Amino acid sequence: MSRWLIWALILLLLVLSAVSLLAGTVWLDPAQTLAALFDPHPDLARLIVTEVRLPRLVLALLVGGILGLSGAVLQGLLRNPLAEPGLLGVSSGASLGAVIALYYGFSASFALATPLFGLAGALLTIGVALALSRLGGTLALILAGVAVSSIAGAGVNLALNLAPNPFAAYEIMTWLMGSLTDRSWDHVLLAAPFILLGGAMLLLTGRALDALALGEAQAESLGIDVRRIRLLALLGTAFGVGAATAVTGAIGFVGLIAPHIVRPLVGHRPGATLVPATLVGAAIVLTADIATRVLRVGADIKLGVFISVVGAPFFLWLVLHVRRTAP
Amino acid sequence: MSDLALNGITLRRRSRVVLDAVDARFLGGRLTAVIGPNGAGKSSLLDVAAGLLVPDAGSVTLGGEPLRAIGRTALARRRAYLPQSPRIDWAISVERVVALGLTAHLPAFGGLPLRWQPQINAALARYDLADLRDRPATELSGGELARVMLARATVGSPEILIVDEPTAGLDPRHALDAGRRLRALADEGCTVIVALHDLDLALRIADDAVALKQGHVVAAGPVDAVFTDAVLGSLYDVGVSVRHDGSGATIRFTD
């Protein structure tokens, strides 16, 4: 059973969380960190821990978790090992929304404009993808997602092309690379309700995803309302990944890789991958965030870039490795 | 034992009429073969009978109760369905694939309750799958997969089993084996509805038959009444002779 796996992953996350609070430009020792957490007197250590590293840690866990969970649900729903949240246009929709906020300068006058616009963009794209695929099945949904995603991508490129000055283009580019730097409790408060809501919706699909391994007709015959499950998975992804992308920028590969890592460990059952994939997603983002803080190679490495650079070759290896077991 | 009845079923796909005012009755504890040429509407009829397709007109009743009144989960516990050429998308073990047949009986969350293990073991044993229980279902031969799917469909002891072309792609030995297993289920009281192209096999295992052509029921009733030269000849638009001898009956097609 996968219970030992879940406990092992929770233990790993606890260790990573502790490291995340200690590591950075200013290294703290455990005693300082504990004192900072529980001592009401403000000092530099307390400021670093509670106002910088703790919100960053919470965001890393939430964002990584929802990316892993959403990837696992979409791979099960679409019965496609290459599915990931980006496939349905959620990430690019959120990116376009955020880019509009940056481009028109809303973000300069109101700090949370970028994530709010990002969230609106994610919900809008998934709404359009859903409407376009209403009459068709899984393939129609994938195609609609790809189409909407391309349109949003074109919008982002257009904004970069027409950027009023190099600084605007730079700001957009930087945002697109994905990062947890300078994220505050405001970002956590904005994203957490949507991520938790989306996560709850996605977790409800577990049993149905198992049945869907037999195809849609058999799943229906087993009492699964496939349309309802599809809606739950898409809205859950839109809320969760939309909110995550809105506060951190685009972070790819986590949703693709996390389910692949856990699948052989849980006997390949789609429903059984959900919780472990959530934990693995959180561990990947947290590890990458720690790495970007600890590894100093010239300029700041953005979180999204780091994960892509490490994740893409790893994914290639994974594809070659799991090809034996894939149908 | 529950009778399944289709009353005045009309089904349209876009503007095309797939089933036209079809009446059919599948008697409890009997094996009914649904036969007819390609495109006759056999699969659609089975999908409507299973409650997976909602007809444009007419109603389906199970034991006198309309399917729509029974409810999705309750129906899933009473009726099992296997589409043509079923496949499995992930490398799930045979045992867990068979357990998927219990989906409608399980709570929304959590693992498989232990009290279901005896049923799963019995289904694995019955379909000679005990040695394959840990094998990934993606690594099975056609004959093995057919047995896994039958075990999956019957693990919850359904009242009705609806199967679309269970012998497609199987060699004669495995086709006969599948037919024998369906016959055994009917003998135990399960209402079995099976679409078949293999008329010799249908003649061998079925109690009743429904002959379908271009969305109409051409003939229905006990298998001997349907499997006649005249009915089969007009059904397939070829010459047919049904020959009875000591070892059973064979069907021969002529130009």
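Going line by line, the protein sequences match chains A and B.
Residue 12 is where the first sequence starts when you use this note's numbering, and the numbers rise one by one after that.
Residue 16 is where the second sequence starts when you use this note's numbering, and the numbers rise one by one after that.
C-beta: ideal position from N, C-alpha, C; glycine also.
Please read all numbers here as calculations on a predicted model, not as lab measurements.
Residues of the region 230-263 of chain A with a CB closer than 9 Å to any CB of chain B: list them in chain order, please. Residues ALA230, GLU231, SER232, LEU233, GLY234, ILE235 and ASP236.
Distance CB(THR284/A)-CB(ALA83/A) smaller than 7 Å: Contact flag set, yes.
For chain A, find out if any of its Cβ atoms is closer than 7 Å to the Cβ of ARG87/B; answer yes or no. So yes, ARG87/B belongs to the interface.
List, in order along the chain, the chain B residues whose C-beta lies closer than 8 Å to that of ARG280/A? Result: TRP105, ILE107 and ARG111.
List the whole-angstrom C-beta distance separating ALA235/B from ALA65/B, where the pair is believed to meet the contact cut-off of C-beta under 8 Å. Incorrect: roughly 18 Å between the Cβ atoms, too far for contact.
Check PRO338/A in the structure and name its three-state DSSP category. Bear in mind that a pLDDT of 48 at PRO338/A, under 50, signals an unreliable position, so the number given afterwards is only what the model happens to contain. In the structure shown, PRO338/A sits in coil (DSSP, three-state: anything other than H, G, I, E or B).
In whole angstroms, what is the alpha-carbon distance linking LEU213/A and ARG29/B? The C-alpha of ARG29/B is placed about 34 Å away from the C-alpha of LEU213/A.
Sequence-distant residues of the same chain with beta carbon closer than 6 Å to VAL178/B, five excluded per side: The residues LEU97 and VAL209, in chain order, have a CB closer than 6 Å to that of VAL178/B in the same chain once the five nearest residues on each side in sequence are set aside.
To the nearest angstrom, how far is the alpha carbon of VAL316/A from that of LEU107/A? Whole-angstrom Cα-Cα distance: 18 Å.
When the cut-off is 7 Å and only beta carbons count, does ARG218/A lie next to chain B? Chain B contact via Cβ: present.
Cβ neighbour criterion (16 or more within 10 Å) applied to VAL49/B: Buried: at least 16 other Cβ atoms inside 10 Å.
Got a sec: is the Cβ-Cβ distance from ARG145/A to anything in chain B below 7 Å? Answer no: the Cβ-Cβ gap between ARG145/A and chain B never drops below 7 Å.
Taking a contact to mean a Cβ-Cβ separation below 7 Å, would you say GLY210/A touches ILE77/A in this structure? In this structure, ILE77/A lies closer than 7 Å to GLY210/A by Cβ.
Verify whether the separation of the beta carbon atoms of ALA42/A and ARG57/A is less than 7 Å. Against a cut-off of 7 Å, the Cβ pair of ARG57/A and ALA42/A comes out as no contact.
Endpoints, the alpha helix (DSSP H) within which ASP215/B is located: DSSP places ASP215/B inside the alpha helix (DSSP H), whose first and last residues are 214-220.
With H, G and I counted as helix, E and B as strand and the rest as coil, what does DSSP make of TYR96/B? TYR96/B falls in the strand class under three-state DSSP.
Using 8 Å for Cβ pairs, my map puts PRO96/A next to GLY266/A. What's the rounded Cβ distance? By a beta-carbon distance limit of 8 Å, PRO96/A contacts GLY266/A. Their separation comes to about 5 Å.
Count the CB pairs spanning the region 46-60 of chain B and the region 210-218 of chain B that are closer than 8 Å, and state whether there are at least three. Between the region 46-60 of chain B and the region 210-218 of chain B, the count of Cβ pairs shorter than 8 Å is three or higher; the stretches touch.
Own chain residues within Cβ distance below 8 Å of PHE268/B, not counting five before or after: Non-local beta-carbon contacts of PHE268/B in its own chain, meaning distances under 8 Å to residues more than five positions away in sequence, involve TYR251, VAL253, GLY254 and VAL255 in chain order.
Hey, could you find the ends of the beta strand (DSSP E) ALA224/B is sitting in? In the DSSP assignment, ALA224/B falls within the unbroken beta strand (DSSP E) covering 223-228.
Just the C-alpha distance for LEU155/B and TRP186/A, rounded to the nearest angstrom, thanks. Between LEU155/B and TRP186/A, the C-alpha separation is close to 48 Å.
So is LEU165/B buried or exposed if we call it buried at 16+ other beta carbons inside 10 Å? That one is buried.
Between LEU247/B, LEU218/B and ALA84/B, which has its C-alpha nearest VAL232/B's C-alpha? Residue LEU247/B is the option with its Cα nearest to VAL232/B.
Just the Cα atoms here: how many angstroms apart are ILE135/B and ASP192/B? ILE135/B and ASP192/B: Cα-Cα distance of roughly 21 Å.
Can you give the Cα-Cα distance for ALA112/A and ASN172/A, rounded to whole angstroms? Straight-line Cα distance between these residues: approximately 16 Å.
Which residues bound the beta strand (DSSP E) around GLY236/B? Bounds of the beta strand (DSSP E) holding GLY236/B are 231-237.
I need the boundaries of the alpha helix (DSSP H) containing SER103/A, first residue and last residue. Taken as a continuous stretch (DSSP letters only), the alpha helix (DSSP H) holding SER103/A covers 101-114.
Partners in chain B for GLY226/A, counting only beta-carbon separations shorter than 9 Å: Ordered by position in chain B, the residues that pass the 9 Å Cβ test against GLY226/A are PRO98, PRO101, ARG102, ILE103 and ASP104.
Please report the distance separating the alpha-carbon of GLY100/A from that of GLU203/B. Looking at the two C-alpha atoms, the distance is approximately 52 Å.
Output the boundary residues of the alpha helix (DSSP H) element that contains VAL252/A. Membership of VAL252/A in the alpha helix (DSSP H) is indicated by the continuous run 237-259.
Nearest chain B C-beta to GLY288/A closer than 7 Å, yes or no? Strictly speaking, residue 288/A in this sequence is Ala, with Gly absent from that position. ALA288/A does not count as touching chain B.
Can you list, in chain order, the residues of the region 157-186 of chain B whose Cβ is nearer than 7 Å to any Cβ on chain A? Result list empty, no residue passes.
Proximity test, Cβ basis, 7 Å: LEU197/B and chain A: Not one chain A Cβ lies under 7 Å of LEU197/B.
For ALA151/A and chain B, any beta-carbon pair shorter than 7 Å? Not an interface residue.
Please confirm whether ALA91/B has its beta-carbon closer than 7 Å to some beta-carbon of chain A. Answer yes: the Cβ-Cβ gap between ALA91/B and chain A drops below 7 Å somewhere.
I'd like to know if ALA203/A contacts chain B, where contact means its C-beta is closer than 7 Å to some C-beta of that chain. Not one chain B Cβ lies under 7 Å of ALA203/A.
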